[in-house]
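Note sheet for the following structure.
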Amino acid sequence: MKKIIKFTLLILTLVILAVGCGQKNKNEEEQKENQPTEIEEVSSSDGLKIYATIYPLYDFAKKIAEDKADVQLLIPTGQSSHHWEPGQREMKELQEADMLIYNGAGLEGWMDKVLESIDGDIVAVDSSREVNLIASTHAHEHEEHEEEHAYEEEHAQGAHDPHIWLDPKNAVIQIENIANAMIIADPENEDFYRANLDKYREEFMDIDTMYQEQLSSLARDTIVVSHEAYGYICHEYGLNQVGIEGIFAEGEPDAKTMAQIIDFVKNQNITTIFTEELIDTKTADAISAETGAKTVYLNPLEGLSEEEIKAGEDYISVMKSNLEKLVEALS
């Protein structure tokens, strides 16, 4: 499909408001005044060609579009989103795309460079718009942020935890942003997209209810994790996380930090060390050997394996599986 769509963040924001979704930014009115207002839209019968950077966004886009669009995953299965960057093949594919959906919140540090390199028009959808971000560990180690600041500063790489999709209410905002962009790009299928949006908004909020109910009265409230990806779950449902690696899975801890984590696990009677399939588990395994705590895979949903996808796993099933593991570890 020829790329003849010009998409602006103002129009996206207006559509979001029209359907009554998303959380209000404190400086929303100022943002509107500074954003462009023009939009050109032409749809085509052969459907939109869409790329999504990470698995959750791919899954959300597929849920909204079904067979109305060709949705592809940009970051390959089995690759960590924190360390991947597009090569020549991916850049060539994006030249022919109509829409690129990305997480935002600093996850894709290469995004601005990529968008500047693409010839012609492409709908670039920042799915983190309207999400209330929480600061990363790195941000806490520096001076406090001002209460009022620009959107670009809020979403700078490293300033905030980018794993926003792990809070189902944030996932609702992301899928709304995606659906509204599709509606603008392909208005002929607006009713179809809106029906799917209504369906999955309800399902995601059902997951939120499950987390609220099942995590509210457990014996423990602290999880030890290989990768600090669960800040939004902890923030929303009253838990704490102790990370072996940081938010961006920067590397292994030094000997002093290892000793501190081992002592913490022993002193707090932690029974489970949560790790992931996409990162090296040797550090978690070493802590397990020293403490007797078992290692369990908790899925941050940055990417599913081919086996999981073939088995029909998706955002909803993995979030439910994660909840079961959290309840067992904290009971």
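Just so you know, my numbering puts 79 at position 76 of the sequence shown, and the rest follows in order with no gaps.
We put the CB at the ideal spot given by N, CA and C, even for glycine.
DSSP bridge partner residues for residue i (one or two, in chain order)
{"i": "Gly246", "result": "Val228"}
{"i": "Gln75", "result": "Tyr54"}
{"i": "His163", "result": "Ala138"}
{"i": "Met102", "result": "Ile53 and Val126"}
{"i": "Lys297", "result": "Thr275"}
For residue j and residue i, believed in contact at Cβ under 8 Å, the rounded distance
{"i": "Thr56", "j": "Glu309", "result": "No, Thr56 and Glu309 are not in contact; Cβ-Cβ is about 18 Å, not under 8 Å."}
{"i": "Val176", "j": "Glu133", "result": "The identity of residue 176 in the sequence shown is Ile, whereas the question assumes Val. Yes, they are in contact, since the Cβ atoms of Ile176 and Glu133 sit about 5 Å apart, within 8 Å."}
{"i": "Leu97", "j": "Ile121", "result": "6 Å"}
{"i": "Ile290", "j": "Val268", "result": "6 Å"}
Any non-hydrogen atom of the ligand MG within 7 Å of residue i CB
{"i": "Val128", "result": "For the structure depicted, the ligand MG is absent and the ligand set is empty, with no information on it obtainable."}
Chain-order list of residues whose beta-carbon lies under 8 Å from that of residue i (same chain, five-residue window excluded)
{"i": "Leu218", "result": "Tyr240, Gly241, Leu242, Leu326, Leu329, Val330 and Leu333"}
{"i": "Tyr196", "result": "Ile67, Ala68, Lys71, Ala182, Met185, Ile186 and Asp189"}
{"i": "Ile265", "result": "Ile290, Glu293 and Thr294"}
{"i": "Ile312", "result": "Thr80"}
Limits of the unbroken alpha helix (DSSP H) element including residue i
{"i": "Tyr214", "result": "Glu193 to Gln217"}
{"i": "Thr284", "result": "Where Thr284 is concerned, there is no enclosing alpha helix (DSSP H), given that its DSSP letter is neither H nor E."}
{"i": "Thr80", "result": "Neither: Thr80 is in no alpha helix (DSSP H) and is coded neither H nor E."}
{"i": "Ser320", "result": "Tyr318 to Leu333"}
{"i": "Asp266", "result": "Ala258 to Asn270"}
{"i": "Ile176", "result": "Pro171 to Ala188"}
{"i": "Glu119", "result": "Met114 to Ser120"}
{"i": "Glu310", "result": "Glu309 to Lys313"}
Proximity below 8 Å, CB of residue i to CB of residue j
{"i": "Ser139", "j": "Ile167", "result": "no"}
{"i": "Thr275", "j": "Lys297", "result": "yes"}
{"i": "Gly50", "j": "Lys71", "result": "yes"}
{"i": "Asn173", "j": "Tyr235", "result": "yes"}
{"i": "Ile125", "j": "Leu103", "result": "yes"}
{"i": "Ala108", "j": "His163", "result": "yes"}
{"i": "Ile137", "j": "Asp101", "result": "no"}
{"i": "Pro165", "j": "Asp211", "result": "no"}
{"i": "Ile410", "j": "Tyr203", "result": "The question about residue 410 has no answer here: the residues shown for the chain are numbered 4 through 334."}
Limits of the unbroken beta strand (DSSP E) element including residue i
{"i": "Tyr233", "result": "Note, Tyr233: premise wrong, no beta strand (DSSP E); not H, not E."}
Close Cβ partners of residue i (< 7 Å) along its chain, the five nearest in sequence each way excluded
{"i": "Tyr58", "result": "Leu76, Leu304, Glu305, Gly306 and Leu307"}
{"i": "Lys285", "result": "none"}
{"i": "Tyr300", "result": "Thr278, Glu279 and Glu280"}
{"i": "Met114", "result": "Tyr105"}
{"i": "Gln244", "result": "Ile226, Val228, Glu231, Tyr233, Gly234 and Cys237"}
{"i": "Lys65", "result": "Val74"}
{"i": "Gln82", "result": "Gly306"}
{"i": "Leu200", "result": "Ile67, Ile178, Glu179 and Ala182"}
{"i": "Gln271", "result": "Thr225"}
6 Å Cβ shell around residue i - same chain, five flanking residues per side excluded
{"i": "Gly246", "result": "Val228 and Glu231"}
{"i": "Tyr318", "result": "Pro59 and Asp62"}
{"i": "Asn2", "result": "The structure shown does not extend to residue 2, since the chain spans only 4 to 334, so no value can be given for it."}
{"i": "Met322", "result": "Ile210"}
{"i": "Phe207", "result": "Pro171, Ala174 and Val175"}
{"i": "Glu99", "result": "none"}
{"i": "Glu150", "result": "Below a pLDDT of 50, predicted positions are generally treated as unreliable, and Glu150, at 40, falls in that range; the measurement from the model is reported next regardless. Around Glu150: no qualifying Cβ."}
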